[in-house]
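**Student:**
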Amino acid sequence: MPWIQLTVSAPEQHAPLVGDMLQGNGAMAVTYRDAQDNPIFEPPLGEVLYWQETLVTGLFPAETDLAPVLANLRKSRYFGDDLNYKTDQLEDKDWEREWMDNFHPIRFGERLWVCPSWREIPEPDAVNILLDPGMAFGTGTHPTTALCLQWLDSQDLRGKTVVDFGCGSGILAIAALLLGAERAIGIDIDRQALLASRENAQRNGVAERLEVYLPSEQPSLPADVVLANVLAGPLQELASVISGYVGPGGDLVMSGILERQIDAVQSAYAENFSFDPATIKDDWVMLHALRNQ
Numbered sequence: 256m257p258w259i260q261l262t263v264s265a266p267e268q269h270a271p272l273v274g275d276m277l278q279g280n281g282a283m284a285v286t287y288r289d290a291q292d293n294p295i296f297e298p299p300l301g302e303v304l305y306w307q308e309t310l311v312t313g314l315f316p317a318e319t320d321l322a323p324v325l326a327n328l329r330k331s332r333y334f335g336d337d338l339n340y341k342t343d344q345l346e347d348k349d350w351e352r353e354w355m356d357n358f359h360p361i362r363f364g365e366r367l368w369v370c371p372s373w374r375e376i377p378e379p380d381a382v383n384i385l386l387d388p389g390m391a392f393g394t395g396t397h398p399t400t401a402l403c404l405q406w407l408d409s410q411d412l413r414g415k416t417v418v419d420f421g422c423g424s425g426i427l428a429i430a431a432l433l434l435g436a437e438r439a440i441g442i443d444i445d446r447q448a449l450l451a452s453r454e455n456a457q458r459n460g461v462a463e464r465l466e467v468y469l470p471s472e473q474p475s476l477p478a479d480v481v482l483a484n485v486l487a488g489p490l491q492e493l494a495s496v497i498s499g500y501v502g503p504g505g506d507l508v509m510s511g512i513l514e515r516q517i518d519a520v521q522s523a524y525a526e527n528f529s530f531d532p533a534t535i536k537d538d539w540v541m542l543h544a545l546r547n548q
């Protein structure tokens, strides 16, 4: 089905109202993006932030007459004659197929690959994770996940117990198991993430060694390795919970952190952990620490 996009430039304080107006005038979907180059990496918990100059895009069926929509926008007190907009036609494509064609196997470290199921495995003798992007975060394409996968690839995990806190797709727990870990535990607040982790573990032949839990059900245990690829805010707020999983001398790996947040995150764990220098990739950080004996 072909579509037409109407994109309106709006100041930060008006962006959500413009989005509501587009939906009220028949837009099937509304998206917001930065008109310049001012990324928002981690808004405060519970808040939705917009950019100083926001592009608000409404998606309409191609046959929609946008003249009445534009007239209604001009009638509002926000624009009048100053309405800045553009329209774009979107051709009818098999978007899923186009997306699949651009998703390729990715290598992490010396021996670990993440491979979509519809692609040929580049190195059959390597450690290959079969993982299709789906309903939970974690495919290896984001720097935070990539940093954690590279760290796992460099470790001897044989016989170890690993906790994947905020497991998403289960990619880190599954990687650990394929790299030799004896047991992995995935924890997430999202039931869909737990379902995705189970399905991905089944696809990779490690389902019998992966356990998944909601936070309210999580077991109490000392793990050899704890991975927490979430965000700086939750890492600080849940420091006592996350620390509690790491056994004496155990490894703690945290990501989802920006360079400017390193000191704040480390200070939340400094009493019980000794940190290595931070590893940085595209403004994102991975922190590795050992729990004090």
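Each position in the sequence shown, counted from 1, maps to that position plus 255 in the numbering used here.
A virtual CB, placed ideally from N, CA and C, is assigned to each residue, including glycine.
For the beta strand (DSSP E) that contains Tyr333, what are its first and last residues?
**Tutor:** Where Tyr333 is concerned, there is no enclosing beta strand (DSSP E), given that its DSSP letter is neither H nor E.
**Student:** In angstroms with no decimal places, state the Cα-to-Cα distance between Gln491 and Ala523.
**Tutor:** 6 Å
**Student:** Are the beta-carbon atoms belonging to Ala487 and Gly460 less than 8 Å from one another?
**Tutor:** no
**Student:** Work out the CA separation of Pro257 and Val481 for me, nearest whole Å.
**Tutor:** 47 Å
**Student:** Keeping to the same chain, check which residues put their C-beta closer than 6 Å to that of Val485; ignore five residues upstream and five downstream.
**Tutor:** Cβ neighbours of Val485 beyond the five flanking positions: Gly421, Gly511.
**Student:** Mapping the DSSP letters down to three states, classify Ser424 as helix, strand or coil.
**Tutor:** Correct three-state label for Ser424: coil.
**Student:** I'd like to know whether the C-beta atoms of Leu325 and Gln260 end up nearer to each other than 8 Å.
**Tutor:** Contact: no.
**Student:** With DSSP run on the structure shown, which of helix, strand or coil describes Ala391?
**Tutor:** Note that Ala391 scores 42 on pLDDT, short of 50, meaning its location in the model is unreliable; the coordinates nonetheless yield the value given after this. DSSP places Ala391 in coil when its eight states are reduced to three.
**Student:** What residue does the beta strand (DSSP E) around Arg446 start on, and which one ends it?
**Tutor:** It is not in any beta strand (DSSP E) - Arg446 instead sits in the alpha helix (DSSP H) that spans 446-458.
**Student:** How many angstroms separate the CA atom of Leu449 from the CA atom of Ala270?
**Tutor:** The alpha-carbon separation between Leu449 and Ala270 amounts to approximately 34 Å.
**Student:** Taking the continuous beta strand (DSSP E) assigned at Gln344, which residues delimit it?
**Tutor:** 340-345
**Student:** Determine, using beta-carbon pairs with one atom in the stretch 528-541 and one in the stretch 410-426, whether at least three such pairs fall under 8 Å.
**Tutor:** no
**Student:** Three or more C-beta pairs under 8 Å: does that hold for the stretch 489-509 against the stretch 467-479?
**Tutor:** Touching, yes.
**Student:** What residue from His359, Met276, Leu432, Leu513 has the CA that sits closest to Pro323's CA?
**Tutor:** Met276
**Student:** Name the DSSP bridge partner or partners of Val501?
**Tutor:** Ala478
**Student:** Taking Ile429 as the reference, which of Thr400, Arg446, Asp445 has the closest Cα?
**Tutor:** Thr400
**Student:** Need the endpoints of the beta strand (DSSP E) that Gln260 sits in, please.
**Tutor:** 258-266
**Student:** Which runs of the alpha helix (DSSP H) spanning at least 4 residues fall entirely within the stretch 358-415, listed in chain order?
**Tutor:** 398-408
**Student:** Could you tell me if Gln457 is buried or exposed, where buried requires 16 or more neighbouring beta carbons within 10 angstroms of its beta carbon?
**Tutor:** Per the 10 Å Cβ criterion, exposed.
**Student:** For the alpha helix (DSSP H) containing Glu437, name the first residue and the last one.
**Tutor:** DSSP places Glu437 in no alpha helix (DSSP H); its state is neither H nor E.
**Student:** Within the continuous alpha helix (DSSP H) that includes Leu492, where are the two ends?
**Tutor:** Going by the sequence as given, residue 492 is Glu instead of Leu. From DSSP, the alpha helix (DSSP H) with Glu492 extends over 487-492.
**Student:** Buried or exposed: His543, going by 16 or more other Cβ atoms within 10 Å of its Cβ?
**Tutor:** buried
**Student:** How close, in whole Å, do the beta carbons of Gly435 and Arg413 come, if the pair is a contact with beta carbons under 8 Å?
**Tutor:** 4 Å
**Student:** Am I right that Asn280 and Asn327 are in contact with their C-beta atoms under 8 Å? What's the rounded C-beta distance?
**Tutor:** 6 Å
**Student:** Can you give me the Cβ contacts of Arg374 inside the same chain, cut-off strictly under 7 Å, excluding the 5 residues immediately before and after it?
**Tutor:** Once the five neighbours on either side are set aside, the close Cβ partners of Arg374 are His359, Pro360.
**Student:** Using CA atoms only, rank isn't needed, just tell me which of Ala381, Arg546, Glu526, Lys330 is closest to Gly504.
**Tutor:** Nearest option by C-alpha distance: Arg546.
**Student:** Quick one: residues in its chain with C-beta nearer than 6 Å to the C-beta of Leu432, no 5 flanking neighbours on either side, listed in chain order?
**Tutor:** Ala439, Val461, Arg464
**Student:** Check whether the Cβ of Ser372 sits closer than 7 Å to any heavy atom of the ligand GDP, and report yes or no.
**Tutor:** Of the ligands one can find in the structure shown there are none, so the ligand GDP has no counterpart to examine.
**Student:** Roughly how many angstroms separate the alpha carbons of Val369 and Arg453, rounded to a whole number?
**Tutor:** 17 Å
**Student:** I need the boundaries of the beta strand (DSSP E) containing Met541, first residue and last residue.
**Tutor:** 539-546
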